[in-house]
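Note sheet for the following structure.
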Amino acid sequence: MHNRKLASGRPSGTDGSDYSFRMVVDSRYQLVAKGKKRLSLHFITEAALLIIGAIFAYFPGIEADTLNTVAYSSVFVSVVSLIIGNIGRRRSRSGLLRFYAIVSSIAMLPLIASLAKKHLLLKAIQDSKLWSAGKYDVNDLSHFQIGKFLFKF
1 MHNRKLASGR
11 PSGTDGSDYS
21 FRMVVDSRYQ
31 LVAKGKKRLS
41 LHFITEAALL
51 IIGAIFAYFP
61 GIEADTLNTV
71 AYSSVFVSVV
81 SLIIGNIGRR
91 RSRSGLLRFY
101 AIVSSIAMLP
111 LIASLAKKHL
121 LLKAIQDSKL
131 WSAGKYDVND
141 LSHFQIGKFL
151 FKF
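Quick note: the sequence shown uses the UniProt record's numbering, first residue 1, plus one each step.
Following this line, the structure appears as C-alpha cells:
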C-alpha cells in the first residue's frame, strides 16, 4: 500500500486531529519533565544540607561528651524520607512525594532545634556580644539553619 497525499497535504489514514492531540500530550510531558528536574535539584541540595547538618551534629558543642541522638535520628529520618521521595519522583507517585514533604519538614524541626541548643545559637542570637562564641563561629550555622528553614517553605 502506498500513502497517497490528499489535497490538504495530509497522508491518507489520518484526519489531522491526532497531530493536535500529540502536541497537547507533548507539552504535558515537558511540564512533568521540568518539574522532575527541579525536584531532583531540590533533592541534591537537601542531601548536601543534610550532610552539613550531620557534620555539625558530630562536632562537640557545649557538652563535648554527650552524643546528639536527636540530631542523628533526625538526619536519619530525613535521609530515609529523601530516598522515598526520590523513588516517588522517579515513578511519579504523588503519595510518596507527599509523604516525603511531610516527614522531611517534621524531621528538620528537631534537627534545627537540637543543633541550636547544642551550639549556643539561641544564646548568641539573644546576646549580640557572643557572635563568635565557643570553638566554632556561630554565624555560619545560623545562616545554614535560616537558609534550610526558608528553603523548606
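Quick reminder that beta carbons are idealized off the backbone N, C-alpha and C, glycines included.
Please read all numbers here as calculations on a predicted model, not as lab measurements.
Buried or exposed: which applies to residue i, given that a residue is buried once 16 or more other Cβ atoms fall within 10 Å of its Cβ?
{"i": "Arg38", "result": "exposed"}
{"i": "Ser104", "result": "buried"}
{"i": "Tyr100", "result": "buried"}
{"i": "Leu6", "result": "Because Leu6 sits at a pLDDT of 49, beneath the cut-off of 50, its placement in the model cannot be relied upon, and the point is left open."}
{"i": "Ala57", "result": "buried"}
{"i": "Ala48", "result": "exposed"}
For residue i, tell me which candidate among the options has the shortest Cα-Cα distance.
{"i": "Gly88", "options": "Lys36, Leu49, Lys118", "result": "Lys36"}
{"i": "Tyr29", "options": "Ile55, Phe99, Ser92, Lys118", "result": "Ser92"}
{"i": "Val32", "options": "Lys118, Ser94, Tyr58, Phe56", "result": "Ser94"}
{"i": "Leu96", "options": "Asn68, Tyr58, Ile84, Ile52", "result": "Ile84"}
{"i": "Lys118", "options": "Ala107, Tyr100, Ile102, Gly53", "result": "Gly53"}
{"i": "Ile44", "options": "Phe56, Asn86, Ile102", "result": "Asn86"}
{"i": "residue 155", "options": "Thr69, Arg90, Ile102", "result": "In the structure as shown, the chain starts at 1 and stops at 153, and residue 155 therefore has no counterpart that could be examined."}
Within the same chain, show all residues whose beta-carbon is closer than 8 Å to that of residue i, passing over the 5 residues directly before and after it, in chain order.
{"i": "Leu50", "result": "Val75, Ser78, Val79, Leu82"}
{"i": "Met1", "result": "A caution first: Met1 carries a pLDDT of 49, below 50, which makes its placement in the model unreliable, though a value can still be read off. Correct list: empty, nothing qualifies."}
Keeping to the same chain, check which residues put their C-beta closer than 7 Å to that of residue i; ignore five residues upstream and five downstream.
{"i": "Glu46", "result": "Leu82"}
{"i": "His42", "result": "none"}
{"i": "Ala107", "result": "Ser74, Val77, Ser78, Ser81"}
{"i": "Asn68", "result": "Ala57, Ser114, Lys118"}
{"i": "Val70", "result": "Pro110, Ser114"}
With a threshold of 6 Å on Cβ separation, who are the neighbours of residue i within its own chain once the five nearest residues in sequence on each side are excluded?
{"i": "Ile55", "result": "none"}
Measuring only between beta-carbons, confirm whether residue i sits less than 8 Å from chain B.
{"i": "Val80", "result": "Here there is only one protein chain, and chain B is not present."}
(message) Check whether the segment 105-120 and the segment 69-82 are in contact - that is, three or more C-beta pairs closer than 8 Å.
(response) yes
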